[in-house]
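The opening residue of the sequence shown carries number 1 in full-length UniProt numbering; numbering runs sequentially from there. Note that CB positions come from ideal geometry on N, CA and C, so glycine has one too. Keep in mind that this is a model prediction, so the values were computed, not measured.
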Amino acid sequence: MGHVRKVPSKRQAVVDDDTKLNFLLALEENPITPARVIAIYRAAKDGLLEVLKEATKRDCNCRDEQGMTPTLYAAFHGNLDALRLLCGEGAYIGDPDKADLFGNTALHLAAAQGHKHIVTFLINFGANIYSTDVDGRTAQELAGINSRDDILRFIDGIHAKLEASDKKKAKALQEKAKEDAKKRIKIENNRGIYHKFDSDLPQERRNTYSAIISGGTMTGKGSISTVQRRILASRNNRLGQIDDDFKVSEIEDGKEP
1 MGHVRKVPSK RQAVVDDDTK LNFLLALEEN PITPARVIAI YRAAKDGLLE
51 VLKEATKRDC NCRDEQGMTP TLYAAFHGNL DALRLLCGEG AYIGDPDKAD
101 LFGNTALHLA AAQGHKHIVT FLINFGANIY STDVDGRTAQ ELAGINSRDD
151 ILRFIDGIHA KLEASDKKKA KALQEKAKED AKKRIKIENN RGIYHKFDSD
201 LPQERRNTYS AIISGGTMTG KGSISTVQRR ILASRNNRLG QIDDDFKVSE
251 IEDGKEP
């Protein structure tokens, strides 16, 4: 039996139009308010491109209480059209290498969720494959932890190709990832947020497909940290349960204070 495409009812179309209108009206609020930010977050999740087109750079990089940006939400939910728009296709509106409070970049979230099309886009866009979360894990490792073997192999191939063809670039990206991790830890420690992070990782950390699969430390979901389980579970349901006390972190011109 062939696939039958579900056609939205007229009533649903009206609801969708009303939702878009409400979001667009929320964007008129200035300065940034919770309603305005929620509109951007939900637009990123649901692919409401008309709403995202009205967003500013500041909107696209505003964080919620977990450090999530609209760009991160689009990657987490696998919305490629929204992510393309947020990243600006060269305009660099939303920063895909900006991490949440747990150190997850857009690449981490997409890899953990199994969105290979998002992973491919982000790597082609220039996302740093060596970036680590607060547990010192790369996007490739999160793919292995969550049994996303196709993504794990794909990133492993990118690693191998980069390190074989341009060792200087690979080294520079590794160093940038380390510096970003140190900077993030310092910022969050200053905010009173404690992170468990192994700062003594090997200088030449290399996580190949075979090493991750056969190493005995990342062979299944049982090895995922409590933090990762909580954050991944909560984000799957988060946007449908936003309440009035939604907390928004203040940023100026797309940059953290």
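| message | Suppose contacts are defined by Cβ-Cβ distances below 8 Å. Is Leu-101 in contact with Glu-179 by that definition? | response | no
| query | Should Asn-190 be labelled buried (16 or more other beta-carbon atoms within 10 Å of its own) or exposed? | reply | exposed
| task | Determine the direct distance from the alpha carbon of Asp-149 to that of Ala-82, and round the result to whole angstroms. | result | 25 Å
| field | Nonlocal neighbours in the same chain, by C-beta distance under 7 Å from Leu-162, ignoring five residues either side | value | Lys-169, Ala-170
| field | Integer Cβ distance of Leu-86 from Thr-71, believed to fall under 8 Å | value | So it is a contact: roughly 5 Å between Cβ atoms.
| request: Report the three-state DSSP secondary structure of Asp-64 (helix, strand or coil). | output: strand
| field | Residue of Glu-141, Asn-124, Gly-126, Ala-172 minimising C-alpha distance to Leu-109 | value | Glu-141
| request: Rank Lys-116, His-117, Leu-122 by C-alpha distance to the C-alpha of Lys-98 and give the top, closest one. | output: Leu-122
| query | Apart from the five residues on each side of it in sequence, which residues of its chain come closer than 8 Å, Cβ to Cβ, to Gly-220? | reply | Model confidence at Gly-220 stands at a pLDDT of 40, short of 50, so the residue's coordinates are unreliable; what they give is reported in the following sentence. Closer than 8 Å at Cβ, skipping near neighbours: Ile-145, Ser-147.
| query | For Tyr-73, which residues of its own chain have a beta-carbon under 6 Å away from its beta-carbon, when the five flanking residues on both sides are left out? | reply | Tyr-41, Ala-44, Lys-45
| Using the C-alpha atoms, what's the distance from Thr-69 back to Lys-57? | Here the alpha carbon of Lys-57 sits roughly 11 Å from the alpha carbon of Thr-69.
| task | Using three-state DSSP, classify Gly-157 as helix, strand or coil. | result | helix
| Simplified DSSP state of Val-227, which is helix, strand or coil | Confidence at Val-227 is low in this model, with a pLDDT of 45, below 50, so its placement is unreliable and no value can be given for it.
| query | If you draw a straight line from the C-alpha of Lys-53 to the C-alpha of Asn-61, how long is it? | reply | 14 Å
| From what residue to what residue does the alpha helix (DSSP H) around Lys-182 run? | Lys-182: member of the alpha helix (DSSP H) spanning 167–190, first to last residue.
| Is the beta carbon of Gly-67 sitting closer than 8 Å to the one on Ile-118? | no
| Looking at Ala-139 and Ile-155, is the spacing between their C-beta atoms short of 8 Å? | yes
| request: Report the residue from Lys-167, Ala-160, Asp-135 whose alpha carbon sits nearest the alpha carbon of Ala-181. | output: With distances taken between Cα atoms, Ala-181 lies closest to Asp-135.
| request: Specify the secondary structure class of Tyr-130 as computed by DSSP and reduced to three states. | output: Three-state DSSP puts Tyr-130 in coil, outside helix and strand.
| field | Unbroken alpha helix (DSSP H) run spanning Arg-42, endpoints | value | 34–46
| task | Using the Cα positions of Arg-63 and Gln-113, report the straight-line distance between them to the nearest angstrom. | result | Computed Cα separation, rounded: 20 Å.
| Does DSSP put Phe-102 in a helix, a strand or coil? | coil
| request: Measure the Cβ-Cβ separation of Thr-132 and Ala-177 and say whether it is below 8 Å. | output: Taking 8 Å as the cut-off, the beta carbon of Thr-132 is found closer than this to the beta carbon of Ala-177.
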